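Here the structure comes first, spelled out in structure tokens, and everything after it is commentary.
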Amino acid sequence: MYMKMYSAWIITIGNELLIGKIINTNASWLARRLTLLGYNVNRIVVIPDNLNDIAETFREAVNKNIDIVISTGGLGPTFDDKTSEGLALAFNKKLVINEDALKMVREKYVRKGWKLTESRIKMAKLPENAIPIKNHTGTAPGIFLKVNDTYIISLPGVPVEMKVMFDFEVINILKKRASKYYYSEAELTCKGLPESGIAPIVKDVMDRFRNVYIKSHPRCSELGQLIITIHVTSFGKSRSEADKNVSKAVAELKELLGKLGGKIS
Numbered sequence: 010m011y012m013k014m015y016s017a018w019i020i021t022i023g024n025e026l027l028i029g030k031i032i033n034t035n036a037s038w039l040a041r042r043l044t045l046l047g048y049n050v051n052r053i054v055v056i057p058d059n060l061n062d063i064a065e066t067f068r069e070a071v072n073k074n075i076d077i078v079i080s081t082g083g084l085g086p087t088f089d090d091k092t093s094e095g096l097a098l099a100f101n102k103k104l105v106i107n108e109d110a111l112k113m114v115r116e117k118y119v120r121k122g123w124k125l126t127e128s129r130i131k132m133a134k135l136p137e138n139a140i141p142i143k144n145h146t147g148t149a150p151g152i153f154l155k156v157n158d159t160y161i162i163s164l165p166g167v168p169v170e171m172k173v174m175f176d177f178e179v180i181n182i183l184k185k186r187a188s189k190y191y192y193s194e195a196e197l198t199c200k201g202l203p204e205s206g207i208a209p210i211v212k213d214v215m216d217r218f219r220n221v222y223i224k225s226h227p228r229c230s231e232l233g234q235l236i237i238t239i240h241v242t243s244f245g246k247s248r249s250e251a252d253k254n255v256s257k258a259v260a261e262l263k264e265l266l267g268k269l270g271g272k273i274s
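Residue numbering for the sequence shown is 10 to 274, as defined by the working numbering.
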């Protein structure tokens, strides 16, 4: 967006995502939340439950100086839950039983009257110097690890667990690296013009309003009428600046598309 912003990657881990068994709702939810918080999400990655792939992806993010990396999946008790081990491998750290994480896991199972087996203790093994993140609704703690200037946050793949942890725990971690930018958006509906017809106008408006991004999405109505949804977004150093960027671009789009005969709403 032509401004220096905190960058963010989202890494979703699991074979079930790659074979299409599970829809990747975690990625879209996190992308939306991070964007609204003012972060520039510039990559979403889906990788298998493979130790080397996990390590390589985290290492790449740090090598590229990404500010915030959030992963989901791979923190459970089964053989293919390898996120913690992958983090340790990526940054040459020992995988150790974290006492705070062990306490979190123990409390969950003691409450149910269940034994603390080896597979359950596995969820308390974190890379050295990592900080466990409390899981309010599940059993596996999350992981917070700072490597160089990159914040790495690993969360469970279960959506309800991930969302609660983000809202109650991760949001506090992000405050330490709070974005200085604000996000604004607006949506227009254009009827009667093809996408190829509005493309030059979209490009012209983006060229003149450098802090605005415009994306068109064509679709058809039930009656077969061509409808194009136009999404206008911007970041600004204040809420009013971001809103002003969007409102100016929207006004220009309405005027230019109206002159072409488009019906704008």
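For every residue, glycine included, the Cβ atom is placed at its ideal position computed from N, Cα and C.
All of these numbers come straight from a predicted model, not from anything done at the bench.
Please confirm whether residue i has its beta-carbon closer than 8 Å to some beta-carbon of chain B.
i	result
L262	This model lacks chain B altogether, as it is built from one protein chain only.
Reducing DSSP to helix, strand and coil, say where residue i ends up.
i	result
V169	helix
F67	helix
L135	strand
Y118	helix
Y92	Checking the sequence, you will find Thr at residue 92 rather than Tyr. If DSSP states are grouped into helix, strand and coil, T92 belongs with the helices.
G23	coil
L164	strand
L125	coil
G85	coil
I130	helix
M14	coil
K272	strand
Quick one: Cα of residue i to Cα of residue j, how far?
i	j	result
G82	N74	23 Å
P227	L265	18 Å
F177	C199	40 Å
I22	R248	34 Å
L26	I32	7 Å
K124	I63	30 Å
H145	M174	7 Å
E231	L202	Note that E231 has pLDDT 49, beneath the 50 cutoff, so the model's placement of it is unreliable and the number below is only indicative. Computed Cα separation, rounded: 17 Å.
S256	H240	12 Å
K246	S163	29 Å
Y48	S243	12 Å
E261	I236	19 Å
Y15	I77	7 Å
G271	R68	49 Å
M89	L60	Correcting the residue type first, residue 89 is Asp in the shown sequence and not Met. If you take the alpha carbons of D89 and L60, they lie about 9 Å apart.
D252	A139	39 Å
I142	E94	16 Å
T126	E65	30 Å
S193	I161	26 Å
S80	I273	40 Å
N24	K30	9 Å
M113	K212	53 Å
Could you spell out where the beta strand (DSSP E) holding residue i opens and where it closes?
i	result
L197	Y191 to K200
Y222	V221 to C229
L262	Where L262 is concerned, there is no enclosing beta strand (DSSP E), although the alpha helix (DSSP H) it sits in stretches over R248 to K268.
N49	N49 to I56
H240	L235 to G245
K155	G151 to V156
I140	I140 to I142
I31	From DSSP, I31 is part of no beta strand (DSSP E); its letter is neither H nor E.
I75	That residue, I75, is in no beta strand (DSSP E); it is neither H nor E in DSSP.
Just to confirm the assignment, what range does the alpha helix (DSSP H) spanning residue i have?
i	result
T44	T34 to L45
I180	I180 to L183
K212	E204 to R217
Any idea if residue i is buried or exposed, counting beta-carbon neighbours within 10 angstroms, 16 or more meaning buried?
i	result
I28	exposed
K121	exposed
L111	buried
I106	exposed
K91	buried
V167	buried
Would the C-beta of residue i count as close to the ligand GDP, meaning under 7 Å from any of its heavy atoms?
i	result
L183	Ligands in the displayed structure: none, and consequently the ligand GDP is not present.
Under 8 Å, with one C-beta from each stretch per pair, do the stretch 86-103 and the stretch 171-191 reach the 3-pair mark?
no
Between the stretch 27-44 and the stretch 52-62, can you find at least three pairs of beta-carbon atoms closer than 8 Å?
yes
When you compare the stretch 136-150 with the stretch 202-210, are there three or more beta-carbon pairs, one atom per stretch, that lie closer than 8 Å?
no
Does the structure place the stretch 65-74 close enough to the stretch 215-229 that three or more beta carbon pairs sit under 8 Å?
no
On the three-pair Cβ rule with 8 Å, is the stretch 151-166 touching the stretch 134-142?
yes
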